[in-house]
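Participant: The following block contains the structure, expressed as structure tokens.
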Amino acid sequence: MNGFMKNHDKSLNVLMFPWLGYGHISPFLELAKKLSQRNFIIYLCSTPVILNCIEKKLSPEFSPSIHLLELNLQNLPNLPPSHHTTNGLPPHLMNTLKEAFDLASPDFALILKTLKPDLLIYDFLQPWAPKAAVELKIPAVEFISSSSTMTAYMLHEFNKPGIKFPFSSICYRDYEKARIEKQESTMSVENLEEDKRRVRECFYLSCDIVLIKSFKEIEGKYSDYITNLTGKKVVPLGPLVQEPTLEDSESELITWLNEKEKRSTIFVSFGSEYFLSKEDFVEIAYGLENSKVNFIWPIRFQKGENLELEETLPKDFFNRVGNRGKVFNGWAPQAKILEHSSIGGFVSHCGWSSVMESMKYGVPIIAMPMHIDQPINCRLVEDVGIAVEVVRNSDGKLHREEVAAIINQVVLDKDGEFVRQKAKDMKEKLCIKGDEEIEQVAKELRKLCAKF
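The sequence shown begins at 1 in full-length UniProt numbering and counts up one residue at a time.
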């Protein structure tokens, strides 16, 4: 570990403060690990329920350089401490969680004042965090865990409303726009505008630079566009993918995968925060069954839902797929599964962390974007050549025939060879690159801290 450190680099204390979603916590933790190997002392601040999860993922080698700081939120109605995370949170409680998060701002300011770090790295929904840092003359930098492409698209909408985005392939389909409008119609205008204000403020309060989980080979032009729009320098962090653990290797799923042929199996996952509609659930199940490809499908229900798999899957589904499919309620070691030689495709919602994992492990994507940034990420990975989308019909419905056809194309068919090769090439490219982005990040952060 000390091999990364330079003798002339003084140790810097960094307070890291992610939003409460797993798709945010995980990249912050991976960045913490990388920086801790370069003479940065990291203090990671979050709620107890999240820190309990992080503690299990931190190996003892990081204990001298990564410290966990609790931020306790108020127990608002229907929001006990177990709900102080977006993981499994029922959607109707999201605004309550944001409210509890905001109410913790004085406690966070006290942590900042007591710790007096050299730098604050914060997320996209808490403008009060960098404001508190400014008052204490502490430099603050935003870490954006979504793609440069989505960030560029969003900033374009903020800065040039009504003007077409200059990259024509990056867009929402009509049914995706309709879905977003429907979701927004359930929110008050005040809440919508408040969320936009938070995102804008967090971006513009970042000192000189913004950190984005990306790399220039696939998103360079979108990062450049962000700089052209805003004057902020984009510093890419690389993929920041969590390494599989030894315990993951002992999973029953890995034993099952070991018995399958090379690239014969797909992994199906829609992330920790999206829950399929009943219609999508059924069409995907039939699509998997009809594809004749082996599959692993961990299914998650919202907290408080007491559902059985048999209630949600088509009748006799388990009997028909037999040992070809592993379907269960709960968590799966995603990175360990994706790196396995038996995996030949990834049915994914195109959450950015999942996209990065598929790139690192060379697994082509069967793309089923659902909401927010996922359709934009989907268009990007199709442009790059590592994914094929399961396109819905004009009213946004999935069809089992299309699901099965795209799975077979990506995993089995001759016309899927292009996407399989592209995914393999991407894995090799990332392997060669190693941590080159992180070396530059460390330099940029030291340069920024030297100004204060």
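C-beta: ideal position from N, C-alpha, C; glycine also.
Taking 8 Å as the cut-off, does the segment 343 to 353 touch the segment 257 to 273 (at least 3 CB pairs, one atom from each stretch)?
Facilitator: Contact between the segment 257 to 273 and the segment 343 to 353 is established, with three or more Cβ pairs separated by less than 8 Å.
Participant: Using only CA atoms, which one of Val14, Ser146, Ala404, Val355 lies nearest to Gly385?
Facilitator: Val355
Participant: Enumerated in chain order, which unbroken segments of the beta strand (DSSP E) with a length of 3 residues or greater are wholly contained in the segment 186 to 237?
Facilitator: Those beta strand (DSSP E) runs which fall completely within the segment 186 to 237 and span 3+ residues are 209 to 212, 233 to 236.
Participant: Hey, out of Ala132, Lys360, Gly21, whose CA is closest to Leu89's CA?
Facilitator: Gly21
Participant: In terms of residues, what are the limits of the alpha helix (DSSP H) holding Ser82?
Facilitator: Counting along the chain, Ser82 falls outside any alpha helix (DSSP H), and DSSP gives it neither H nor E.
Participant: Starting from Ser269, trace the beta strand (DSSP E) both ways and give me its first and last residue.
Facilitator: 265 to 269
Participant: Between which two residues does the alpha helix (DSSP H) carrying Cys378 extend?
Facilitator: From DSSP, the alpha helix (DSSP H) with Cys378 extends over 374 to 384.
Participant: Hey, how far is the Cα of Asn7 from the Cα of Val235?
Facilitator: Low per-residue confidence applies at Asn7: pLDDT is 42, beneath 50, and the placement is therefore not dependable, though the value from the model is reported in the following sentence. Each residue's Cα considered, the two are about 24 Å apart.
Participant: So, using beta-carbon positions, are Pro130 and Leu120 closer together than 8 Å?
Facilitator: yes
Participant: Under three-state DSSP, which class holds Cys45?
Facilitator: strand
Participant: Would you give the residue range spanned by the alpha helix (DSSP H) that His92 belongs to?
Facilitator: From DSSP, His92 is part of no alpha helix (DSSP H); its letter is neither H nor E.
Participant: Is the beta carbon of Val388 sitting closer than 8 Å to the one on Val403?
Facilitator: no
Participant: What first and last residue would you give for the alpha helix (DSSP H) that runs through Pro298?
Facilitator: In the DSSP assignment, Pro298 falls outside any alpha helix (DSSP H) and within the unbroken beta strand (DSSP E) covering 294 to 299.
Participant: For Val381 and Trp297, I'd like the C-alpha separation in whole angstroms.
Facilitator: 22 Å
Participant: Are there 16 or more other CB atoms within 10 angstroms of the CB of Pro369, so buried, or fewer, so exposed?
Facilitator: It counts as buried.
Participant: Tell me which residues share the same chain as Ser394 and place their Cβ nearer than 8 Å to its Cβ, disregarding the 5 neighbours each side in the sequence.
Facilitator: Asp174, Tyr175.
Participant: Do Pro48 and Pro81 have their beta-carbon atoms positioned less than 8 Å apart in this structure?
Facilitator: yes
Participant: Taking all protein chains shown into account, decide if Val390 is buried (16 or more other Cβ within 10 angstroms of its Cβ) or exposed.
Facilitator: buried
Participant: CB Ser168 to CB Arg379, shorter than 8 Å?
Facilitator: Arg379 is positioned such that its CB atom lies no closer than 8 Å to that of Ser168.
Participant: Quick one, are the C-beta atoms of Phe124 and Glu142 less than 8 Å apart?
Facilitator: yes
Participant: Considering just the uninterrupted stretch of the beta strand (DSSP E) at Val393, what are its terminal residues?
Facilitator: Note on residue identity: the sequence assigns Asn, not Val, to residue 393. Looking at the DSSP string, Asn393 is not in any beta strand (DSSP E), and its letter there is neither H nor E.
Participant: For my contact list, Ala332 and Glu357 are in at a C-beta cut-off of 8 Å; report their separation, rounded to the angstrom.
Facilitator: Ala332 to Glu357, Cβ: 12 Å. No contact.
Participant: Go through its chain and collect everything with a Cβ distance to Ser147's Cβ below 8 Å, but skip five positions before and after it.
Facilitator: Ile212, Lys213, Ser214, Glu219, Tyr222, Trp352, Val355, Asp373, Ile376, Asn377, Leu380
Participant: Suppose the cutoff is 7 Å on Cβ atoms and the five residues either side in sequence are ignored; what does the same chain contact list for Asn290 look like?
Facilitator: Arg400, Ala404
Participant: Would you report the Cα separation of Asp224 and Lys232, rounded to the nearest angstrom?
Facilitator: 10 Å
Participant: Within 10 Å of its beta-carbon, does Leu276 have 16 or more other beta-carbons around it, so buried, or fewer, so exposed?
Facilitator: buried
Participant: Measure from the alpha carbon of Thr312 to the alpha carbon of each residue in Tyr286, Arg420, Gln242, then state which is nearest.
Facilitator: Tyr286
Participant: Distance check for Ile438 and Pro244, CA to CA, integer angstroms please.
Facilitator: 20 Å
Participant: Straight-line CA distance for Tyr153 to Phe165?
Facilitator: 7 Å
Participant: CB Ala423 to CB Gly362, shorter than 8 Å?
Facilitator: yes
Participant: Considering only DSSP beta bridges, list what His67 is partnered with.
Facilitator: DSSP output for His67 lists Tyr43 as bridge partner(s).
Participant: Work out the CA separation of Lys57 and Ser63 for me, nearest whole Å.
Facilitator: 11 Å
Participant: Between Phe452 and Arg198, what straight-line distance do the alpha-carbon atoms span, to the nearest angstrom?
Facilitator: Roughly 25 Å separates the two Cα atoms.
Participant: For Asp208 and Lys137, I'd like the C-alpha separation in whole angstroms.
Facilitator: 15 Å
Participant: Go ahead and label Glu283 buried or exposed: buried means 16 or more other beta carbons lie within 10 angstroms of its beta carbon, across all protein chains shown.
Facilitator: Around the beta carbon of Glu283, a 10 Å sphere encloses 16 or more other beta carbons of the protein chains shown; the residue is thus reported as buried.
Participant: In chain order, which continuous runs of the beta strand (DSSP E) of length 3 or greater are located wholly inside the segment 101 to 136?
Facilitator: 119 to 122
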